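Note sheet for the following structure.
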Amino acid sequence: MKAIRRFTVRTVLPESIAPLSRLARNLRWSWDRPTEELFAELNPQAWEAVHGDPVRLLGSLTREEIQQIAADAPTVRRIEELDADLDRYLTEDRWYQLTQPADAPRSIAYFSAEYGITSVLPQYSGGLGILAGDHLKSASDLGVPVVGVGLFYQHGYFKQSLSRDAWQQETYPVLDPDGMPLTLLREEDGTPVRVGVPLPDGRCLSAHVWRADVGRVPLLLLDSDIPDNDDHARSVTDRLYGGGGDHRLQQELLLGMGGVRALRAFCRLTGAPEPDVYHCNEGHAGFAGIERVAELMDPARGAGVLTWEEALTAVRCSTVFTTHTPVPAGIDRFERAQIEHFFEAGLAPSVPTREILALGAEDYPGGDPGKFNMAVMGLRLAQRANGVAKLHGTVSRQMFQGLWPGFDTDEVPIGSITNGVHVTTWIDPRIAELALDPHGSDLDRAARWRQIYAVDDARLWAVRRRLREELVADVRTRLRASWKARGAADAELAWTDAVLDPDVLTIGFARRVPTYKRLTLMLRDPQRLKRLLLDRHRPVQLVVAGKSHPADEQGKRLIQDLVRFTDDPEVRHRIVFLPNYDIAMARTLFPGCDVWLNNPLRPLEACGTSGMKAALNGGLNLSVLDGWWDEMYDGQNGWAIPTADDGADPDERDDIEAAALYELIENHVAPRFYGETAEGSDPADDGVPHQWLAMVKHTLATLGPRVSAKRMLEDYVRELYLPAARSGREAAADDHAAARATSRWVRRVREAWPHVTVEHVDAEGVELEPQIGDELTVHAYVSLGALGPEDVQAEIGYGRVSDSDHIHERRHACLVPAEDLGGGRHRFTGSVTIDRSGPFGYTVRLLPHHPAVADRAELGLVANA
Ligand SMILES: *Cc1c(COP(=O)(O)O)cnc(C)c1O
-19 MKAIRRFTVR TVLPESIAPL SRLARNLRWS WDRPTEELFA ELNPQAWEAV HGDPVRLLGS
41 LTREEIQQIA ADAPTVRRIE ELDADLDRYL TEDRWYQLTQ PADAPRSIAY FSAEYGITSV
101 LPQYSGGLGI LAGDHLKSAS DLGVPVVGVG LFYQHGYFKQ SLSRDAWQQE TYPVLDPDGM
161 PLTLLREEDG TPVRVGVPLP DGRCLSAHVW RADVGRVPLL LLDSDIPDND DHARSVTDRL
221 YGGGGDHRLQ QELLLGMGGV RALRAFCRLT GAPEPDVYHC NEGHAGFAGI ERVAELMDPA
281 RGAGVLTWEE ALTAVRCSTV FTTHTPVPAG IDRFERAQIE HFFEAGLAPS VPTREILALG
341 AEDYPGGDPG KFNMAVMGLR LAQRANGVAK LHGTVSRQMF QGLWPGFDTD EVPIGSITNG
401 VHVTTWIDPR IAELALDPHG SDLDRAARWR QIYAVDDARL WAVRRRLREE LVADVRTRLR
461 ASWKARGAAD AELAWTDAVL DPDVLTIGFA RRVPTYKRLT LMLRDPQRLK RLLLDRHRPV
521 QLVVAGKSHP ADEQGKRLIQ DLVRFTDDPE VRHRIVFLPN YDIAMARTLF PGCDVWLNNP
581 LRPLEACGTS GMKAALNGGL NLSVLDGWWD EMYDGQNGWA IPTADDGADP DERDDIEAAA
641 LYELIENHVA PRFYGETAEG SDPADDGVPH QWLAMVKHTL ATLGPRVSAK RMLEDYVREL
701 YLPAARSGRE AAADDHAAAR ATSRWVRRVR EAWPHVTVEH VDAEGVELEP QIGDELTVHA
761 YVSLGALGPE DVQAEIGYGR VSDSDHIHER RHACLVPAED LGGGRHRFTG SVTIDRSGPF
821 GYTVRLLPHH PAVADRAELG LVANA
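The following block contains the structure:
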């Protein structure tokens, strides 16, 4: 029988255990082990049946079971204590309150299309979402006042299974928000808050707003599946990254523009401060900036109304943009005509559509004039932008150089903050006990991790084995379930009970399956891989997992190739593919692997975070020097797979890199794991691989603090949130006086710039044969047209020159106005000391100069000599 209607009956708890409800609804339980254990122990069978979901657990208990809990004094006391602890956690002063200046932002809005917080709230597809979840959790732990904004997807992302012939199958579970740790945001009169954005043809896209509490951080999720909407509008938030074209565009319009409206309602109803900073995590939420511009240009503001340029200036100051991928196909682009069609419908009536179109235009060499690029709009709407690892910063500066013509790549104003992971979520508690001093504080995180050096090798080895053993057990269960789903009968599956071995070197590889991650590089030479797996003395076993995007046939084929290899009875006890990689699987997988493998096509992995989670558990990384590993590999914390990126064709490159991978495993990784010392002598006689464990300890002690998302959050606060809050406040003060003045100045400079030139440069002080220590004095004769010398900065760029006269290791020195020559002409003068031998060169250039400009390249204006 099928129900025609469904609703969720809320459990009413007796007074004495009423706090259980709050403990279940605040997602802090998902990283607070004592709270999680409390729920698990209330009723272990029910806990398993609801897959570790506290809200569903409480909903599944009978009245008698609830009465029993309420009558059990020790449990009641435990609940009270945990409730008091949560209370303390939510209200006490933490790192942010203790260390940050009085003008630190009072609130930071964080926009992301996906959030991976816990398997109970499956609103993520992969790394981007997990990162966003870790961002919120760490913000909460540090007391950083972040408010998250996203969408609630009725189906979340898909669940993956395999067909008999190893083809990926997708199913979309229906999620019932009423049965999840979510609360509907309501008006004072109890009606649900409704935010709406107008659509073409007089239609409207409305949404309710769910609130999740991630510790101290509220997360607002917009849900379009409400009766006010027509069927099309209802399905806008049906699934993550659903469909292309209009579907995706409407998701992003709702996320950005609806998201700002949801924030406004949230602040109005809860008294929370309006955000000082808006952080767009990737381009999907870029329309948030348009909504904020529209607010400032709304004629209802009367005399306070701003022009397009003024509003853009104000919004940019307080906006931070993070780009997450160097893969062009990973960037959202729409048809320009599509954007025009939607905005002409009155989405932002006060904002000229042509200005919006210009923000996303690919109007640089190599761009497509018919496209609207969300990352490009994100960069133009944000005064501050970053990539997610040092190397990714470099790659992003090259990739987006076209937006700042006239500047060298290293001057493109995109910085980098390396991603991190939320330690308490991803570290196994047994490793935490060994590696992390419980009395240490966030103020000296590195010191906390040094405790691991004092731990006895045998003890650490025993814990590592235990974790491997638990992974092996989990793999067997999952593999059997997968084979049953593929149509196998129990009688055929006895072999799955003997898959993997808790004493064999275990290598993990799990991630999404876009081509650049090269899931099947390990299959490049199948015979060689087989030999490694089946080696008599030093066998290796591999655990592989990953989802392919549903529309990516090529990715599905890679999975099929891999699974077919693992199906071979000769090797199937040493290599497995586990379907449905998700947070729940990951939390057993990372701790259980000895080695974490990553072999992307360098430099296409922006950061990668799974290797960080492995490192937190004492796993050693075996990876191409890409993303985070490029900056954190130090020769003793794992291995670097060499890259053949200098001219080899793709096939050759795969051959070379795969061969290097096999060589590393065979001659370096496996011998060390099995206790052979570097000198090749016999294994240590106590059965403990001391040199391996030295690497494990070094990994924990040195990478632990660096891969922590707390380090990441502190970087964001210091480098981006604080400066953005200051710029934003300055711009907005006195009815946006500074924003108005700055935008007038920008306009004047832009108009005058075509007439700004360096006419002539003279130098003195350097003889025919200059020597180190000589001072070079430079006079630049410039024409500034309508601008004054205070509007520009003149500088010498100097350094070593190549044969083609390009200046390397360039440094800058300022020139100061020395003489007004009349008619807009000036002489600027300055000097530099020559402090290096070899070929030396210099040049002079003019840049716009204004205190509200955060970066010299920001306006994209430069006059080179
Ligand atoms: C960490 C994680 C990812 C991201 O891993 P990458 O190394 O960035 O590819 C994806 N999915 C899950 C479930 C994760 O835990």
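FYI, our numbering numbers position 185 of the sequence shown as 165, with every residue one higher than the one before it.
Yeah, the Cβ is synthetic: ideal placement off N, Cα and C, and Gly gets one too.
Predicted model only: the values in this text are computed from it and were never measured.
Any non-hydrogen atom of ligand 1 closer than 7 Å to residue 851 Cβ | Given a span of -19 to 845 for the chain in the structure shown, any question on residue 851 remains unanswerable.
Hey, is residue 496 close to ligand 1, as in C-beta under 7 Å from one of its heavy atoms?
-> For this step, residue 496 is matched to residue 516 along the sequence shown. Using a cutoff of 7 Å, the CB of residue 496 does not count as near ligand 1, since none of the ligand's heavy atoms is closer than that.
CA-to-CA distance, residue 301 to residue 714, given in whole angstroms = For this step, residue 714 is matched to residue 734 along the sequence shown. For this step, residue 301 is matched to residue 321 along the sequence shown. Answer to the nearest angstrom: the Cα atoms are 26 Å apart.
Give me the Cβ distance between residue 396 and residue 373, rounded to the nearest whole Å; I'm assuming they're in contact under 8 Å.
-> Start at 1 with the first residue of the sequence shown, and residue 396 comes out as number 416. Start at 1 with the first residue of the sequence shown, and residue 373 comes out as number 393. Between residue 373 and residue 396 the Cβ distance is about 3 Å, and since that is below 8 Å, they are a contact.
Answer yes if the segment 107 to 118 comes into contact with the segment 280 to 292, meaning at least three C-beta pairs across the two stretches below 8 Å, and no otherwise.
-> These segments do not touch.
Output the distance between the C-alpha atoms of residue 324 and residue 330, rounded to the nearest integer angstrom.
-> Taking the first residue of the sequence shown as position 1, residue 324 is located at position 344. Taking the first residue of the sequence shown as position 1, residue 330 is located at position 350. Residue 324 and residue 330 have their C-alpha atoms spaced approximately 11 Å apart.
Neighbourhood of residue 832 by C-beta distance below 6 Å, restricted to the same chain and skipping five residues each side = On the sequence shown, residue 832 is found 852 positions in, with the first residue counted as 1. Excluding residues within five positions, the ones whose Cβ falls inside 6 Å are 722.
Extent of the continuous alpha helix (DSSP H) run through residue 297 | Along the sequence shown, read from residue 1 onward, the residue named residue 297 stands at position 317. Where residue 297 is concerned, the enclosing alpha helix (DSSP H) stretches over 288 to 297.
Span of the beta strand (DSSP E) holding residue 139?
-> The residue you call residue 139 lines up with position 159 of the sequence shown. For residue 139, the enclosing beta strand (DSSP E) starts and ends at 139 to 142.
Would you call the segment 683 to 692 and the segment 396 to 406 in contact, with 3 or more CB pairs under 8 Å?
-> The segment 683 to 692 is in contact with the segment 396 to 406.
Please confirm whether residue 94 and residue 179 have their CB atoms less than 8 Å apart.
-> Against the sequence shown, residue 94 aligns to sequence position 114. Against the sequence shown, residue 179 aligns to sequence position 199. Not a contact, by the Cβ cut-off of 8 Å.
Using CA coordinates, which residue listed in 569, 61 and 544 is at the minimum distance from residue 500?
-> As a position in the sequence shown, residue 500 is number 520, starting the count at 1. Per the Cα distances, 544.
Report the residue from 817, 34 and 769 whose alpha carbon sits nearest the alpha carbon of residue 781.
-> As a position in the sequence shown, residue 781 is number 801, starting the count at 1. Nearest to residue 781 by C-alpha distance, out of 817, 34 and 769, is 817.
Using 7 Å as the cut-off, classify the Cβ of residue 491 as near or not near the heavy atoms of ligand 1, replying yes or no.
-> Here the question's residue 491 lines up with position 511 in the sequence shown. Checking the Cβ of residue 491 against ligand 1 gives yes.
Looking at residue 218 and residue 264, is the spacing between their C-beta atoms short of 8 Å?
-> If you number the sequence shown from 1, residue 264 lands on position 284. If you number the sequence shown from 1, residue 218 lands on position 238. For residue 264 and residue 218, no; Cβs fall outside 8 Å.
For residue 95, which beta-bridge partners are listed by DSSP?
-> Reading the sequence shown from its first residue, position 115 is the one you call residue 95. Its beta-bridge partners are 103.
Could you check the C-alpha separation between residue 18 and residue 136 for me, to the nearest Å?
-> One-based indexing of the sequence shown puts residue 18 at position 38. One-based indexing of the sequence shown puts residue 136 at position 156. The alpha-carbon separation between residue 18 and residue 136 amounts to approximately 28 Å.
Under three-state DSSP, which class holds residue 601?
-> The residue labelled residue 601 in the question sits at position 621 within the sequence shown. If DSSP states are grouped into helix, strand and coil, residue 601 belongs with the strands.
Report the residue from 565, 144, 439 and 783 whose alpha carbon sits nearest the alpha carbon of residue 668.
-> Against the sequence shown, residue 668 aligns to sequence position 688. Considering only alpha carbons, the answer is 439.
Exposure label - residue 788; buried when at least 16 CB within 10 Å | Residue 788 sits at position 808 when you count from the first residue of the sequence shown. Burial check for residue 788: the Cβ neighbour count within 10 Å stays below 16, so the residue is exposed.
Can you give the Cα-Cα distance for residue 96 and residue 102, rounded to whole angstroms?
-> Within the sequence shown, the letter at position 116 stands for residue 96. Within the sequence shown, the letter at position 122 stands for residue 102. Going from the Cα of residue 96 to the Cα of residue 102 covers about 7 Å.
Please report the Cβ distance between residue 50 and residue 37, rounded to the nearest whole angstrom; I am assuming they are in contact, meaning their Cβ atoms lie under 8 Å.
-> The residue labelled residue 50 in the question sits at position 70 within the sequence shown. The residue labelled residue 37 in the question sits at position 57 within the sequence shown. About 15 Å separates the two Cβ atoms, so there is no contact after all.
Proximity to residue 90 [Cα-Cα], best of 142, 560 and 262 = Here residue 90 refers to the residue found at position 110 of the sequence shown. That would be 262, whose Cα lies nearest to the Cα of residue 90.
Presumed contact (8 Å Cβ cut-off) between residue 594 and residue 576, rounded CB distance = By one-based count along the sequence shown, residue 594 stands at place 614. By one-based count along the sequence shown, residue 576 stands at place 596. Sure, about 4 Å apart at Cβ, within 8 Å.
By Cβ distance, which residues of its chain are closer than 7 Å to residue 791, with the 5 residues on each side in sequence left out?
-> Here residue 791 refers to the residue found at position 811 of the sequence shown. Excluding sequence neighbours, residue 791 sits near 778 and 779.
Taking the alpha-carbon positions, what's the residue 533 to residue 495 distance?
-> Locating residue 533 in the sequence shown gives position 553, where the first residue counts as 1. Locating residue 495 in the sequence shown gives position 515, where the first residue counts as 1. Linking residue 533 to residue 495 through their CA atoms gives a straight-line distance of about 11 Å.
Measure the CB-CB distance between residue 448 and residue 618 and report whether it falls below 8 Å.
-> Taking the first residue of the sequence shown as 1, we reach residue 448 at position 468. Taking the first residue of the sequence shown as 1, we reach residue 618 at position 638. Between residue 448 and residue 618, the CB-CB gap reaches or exceeds 8 Å.
Which of the three DSSP states, helix, strand or coil, is assigned to residue 226?
-> Walking along the sequence shown from the start, residue 226 turns up at place 246. In this structure, residue 226 counts as helix in the three-state DSSP scheme.
Helix, strand or coil at residue 485 [DSSP, three-state] = Numbered from 1 along the sequence shown, position 505 holds the residue referred to as residue 485. Here residue 485 sits in strand by DSSP.
Quick one: is the Cβ of residue 139 within less than 7 Å of any heavy atom of ligand 1?
-> The residue labelled residue 139 in the question sits at position 159 within the sequence shown. The answer is no for residue 139.
Identify the residues that DSSP records as bridge partners of residue 149: which are they?
-> Position 169 of the sequence shown holds residue 149. Looking at the DSSP assignment, residue 149 forms a beta bridge with 141.
Residue 716: first and last residue of the uninterrupted alpha helix (DSSP H) it sits in = Along the sequence shown, one-based indexing puts residue 716 at 736. First-last of the alpha helix (DSSP H) with residue 716: 702 to 732.
Express the C-alpha separation of residue 398 and residue 608 in angstroms, rounding to a whole number.
-> Translated into the one-based positions of the sequence shown, residue 608 becomes position 628. Translated into the one-based positions of the sequence shown, residue 398 becomes position 418. Residue 608 and residue 398: Cα-Cα distance of roughly 7 Å.
Taking the alpha carbon of residue 469 as the point to measure from, which residue in 295, 144 and 737 has its own alpha carbon closest?
-> Working through the sequence shown from its first residue, we reach residue 469 at position 489. Answer by Cα proximity: 144.
Give, in chain order, every unbroken run of the beta strand (DSSP E) that is at least 3 residues long and sits entirely within the segment 588 to 650.
-> Runs of the beta strand (DSSP E) inside the segment 588 to 650: 600 to 604 and 618 to 621.
Within 7 Å: the Cβ of residue 32 and any heavy atom of ligand 1?
-> To locate residue 32, count along the sequence shown from 1; it is residue 52. Flag unset: Cβ of residue 32 not near ligand 1.
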